[in-house]
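If you want the working numbering, it's the position in the sequence shown, counting the first as 1, plus 61. See below for the structure under consideration.
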Amino acid sequence: MKLKALALSIAMVASVCAANAQTAKGGNDVFVGVGAGISSVMVPEFSTPSFYANIMVGKYITPVWGVRAVIGGPFQTVDSKVIASNFPESFCKNKVFGELNADVLVNFSNIGDIDLAKFDVYAFVGPTLNFASAGSKFSDVQNAFQMLVEEDNTFKVRAGATVGLGLAYNITNSFALGVEGRYGVTPSIFGDADDYRKAEGTTRFALTGVWTIGGKNGKAARAYKAAKKYGYFSQDEVDALIADALEKNPKIVEKPVEKIVEKIVEKGGNYAPAATAVFFEINKANLTLKDKARIKLYADAIKAGSKDAVYEVAGYADKATGSAATNQRLSQKRADVVYDALVAEGVNPSQLVKAANGGVGSMFFDNTTLSRTAIIRVK
């Protein structure tokens with residue numbers, strides 16, 4: 062159930078930093094894109110490059126894994142030295158073809174603790190089909206001196222596989238520019254006249270532009286959805302958090318989020334809120350309206366959380382002022398007043414325990430006045 066606590070924390074902190082918060086919430090990580098570059102047949106070295114272009118559509122199923130379809134083409138060129146001598150050189154240049162790639166993607170930028178902010182580094186692999194004329198075929202009439210081939214314009218589909226790497230820079234939460242390299246192996250589109258007719262390698266390099274419909278979700282917005290699903294926040298509460306930082310990048314805060322997660326304790330399949338503190342004036346144990354508002358919010362979180370969680374209300378005093386006995390009594394009063402306020406807000410007393418810790422040294426920022434406090438936390 063730690064995943065629920067993670068979803069709660071990331072939604073609370075990371076979602077407020079979405080580059081475009083309103084669209085990030087509604088996005089579904091479906092993307093479309095185009096690319097343009099060059100393609101070169103490997104026989105086995107690079108052949109003269111041809112123009113290459115593609116269009117793509119896909120979806121990230123998780124922040125790490127995705128799928129897409131890519132339609133590419135339209136030209137391939139193979140250097141004539143690997144083509145049968147009885148074929149004209151024009152046969153080798155800019156032959157029209159099309160291809161369909163089905164890719165499985167893995168986005169390294171969203172794995173674990175990796176935080177590359179604006180960049181996406183990804184790999185892809187999958188089957189491919191290319192579509193072109195057969196190109197050439199062995200002639201029915203052969204001689205003893207050379208293998209004779211003849212032109213064949215029948216339509217042919219060839220199957221193979223491709224693999225590649227990509228790097229993209231997210232200009233906005235919806236649009237990214239990048240570069241991709243793809244290497245694939247299929248039977249040659251030039252047919253039997255090609256020395257590499259059965260398995261010919263082809264490389265493609267393309268500059269790409271990709272638009273994510275509704276904006277990228279990534280880890281932050283997926284956590285938002287999980288938090289909403291499990292009822293951790295109301296719509297108004299989430300919107301209020303998001304409104305604090307519309308122009309920040311969601312990935313920037315993903316590492317600090319994990320530290321916040323450590324403060325969230327799972328009990329009985331639900332979550333328990335992190336610690337909070339109420340501060341007092343010297344020799345005082347009374348609550349201001351601001352203190353009561355803070356306690357009310359914390360009480361609401363306790364009531365919405367695990368019914369098995371137990372919270373300690375611990376009172377403290379500043380040992381730099383007053384005697385030990387006075388500070389002990391004062392810390393008890395501070396614990397009592399916060400305890401009573403929580404109960405008054407509807408918290409079950411069975412979930413609360415009190416502790417009076419007397420006078421202590423500096424607890425926060427080397428400032429002894431901040432030791433005049435009562436702290437509520439999961440026991």
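Just so you know, even glycine gets a beta-carbon here, dropped at the ideal spot from N, CA and C. Since the model is a prediction, treat every value here as computed from it, not as a measurement.
Item                                                                                                                                                                        : Value
Would you call the region 384 to 395 in contact with the region 403 to 413, where contact means no fewer than 3 C-beta pairs closer than 8 angstroms?                       : no
With a CB to CB cut of under 7 angstroms and the five nearest residues on each side skipped, what residues in its chain are close to ASP253?                                : SER197, LYS198, PHE199, VAL210
Could you give the DSSP three-state label for ASP253: helix, strand or coil?                                                                                                : helix
What do you reckon, are the CB atoms on GLY96 and THR269 nearer than 8 angstroms?                                                                                           : yes
To the nearest whole angstrom, what separates the beta carbons of ARG355 and VAL339, a pair I think is in contact under 8 angstroms?                                        : 6 angstroms
In chain order, what residues of the same chain have a beta carbon less than 6 angstroms from the beta carbon of VAL404, not counting five sequence neighbours either side? : PRO410
Are the beta-carbon atoms belonging to GLY242 and GLY262 less than 8 angstroms from one another?                                                                            : no
How many whole angstroms separate the CB atoms of LEU238 and PHE180, which I take to be in contact at a CB cut-off of 8 angstroms?                                          : Contact flag wrong, Cβ pair sits at about 11 angstroms.
In angstroms, rounded to a whole number, what distance separates the CA positions of THR215 and ASN191?                                                                     : 14 angstroms
Is the region 372 to 388 touching the region 416 to 430, taking contact as three or more C-beta pairs under 8 angstroms?                                                    : yes
Look up THR382 in the DSSP assignment and say whether it is helix, strand or coil.                                                                                          : coil
Tell me the rounded alpha-carbon separation between LYS142 and THR264.                                                                                                      : 19 angstroms
As a quick exercise: from VAL93, VAL125, TYR244, pick the residue whose alpha carbon is nearest that of GLY221.                                                             : TYR244
Assign SER108 to one of three DSSP states: helix, strand, or coil.                                                                                                          : coil
Is it right to say ASP369 is buried, meaning 16 or more other beta carbons lie within 10 angstroms of its own, or is it exposed?                                            : exposed
How big is the Cα-Cα spacing for GLU160 and LYS217?                                                                                                                         : 12 angstroms
Taking the straight line between their C-alpha atoms, what separation do you get for MET424 and ILE232?                                                                     : 44 angstroms
Use the C-beta contact count for ASP201: other C-beta atoms within 10 angstroms, 16 or more gives buried, fewer gives exposed.                                              : exposed
Tell me which same chain residues have a C-beta within less than 6 angstroms of the C-beta of PHE92, skipping the five on either side of it?                                : GLY119, VAL271, THR273
What number of angstroms, rounded off, separates the C-alpha of GLU150 from the C-alpha of THR223?                                                                          : 28 angstroms
Buried or exposed for THR189, please, with buried defined as at least 16 other CB atoms from any protein chain shown within 10 angstroms of its CB.                         : buried
Compute every distance between the C-beta of VAL118 and the non-hydrogen atoms of the ligand COA, then say whether any falls below 7 angstroms.                             : This structure simply doesn't include the ligand COA, nor any ligand for that matter.
Based on the DSSP secondary-structure assignment, which residues constitute the bridge partners of ILE436?                                                                  : ALA338, ALA375
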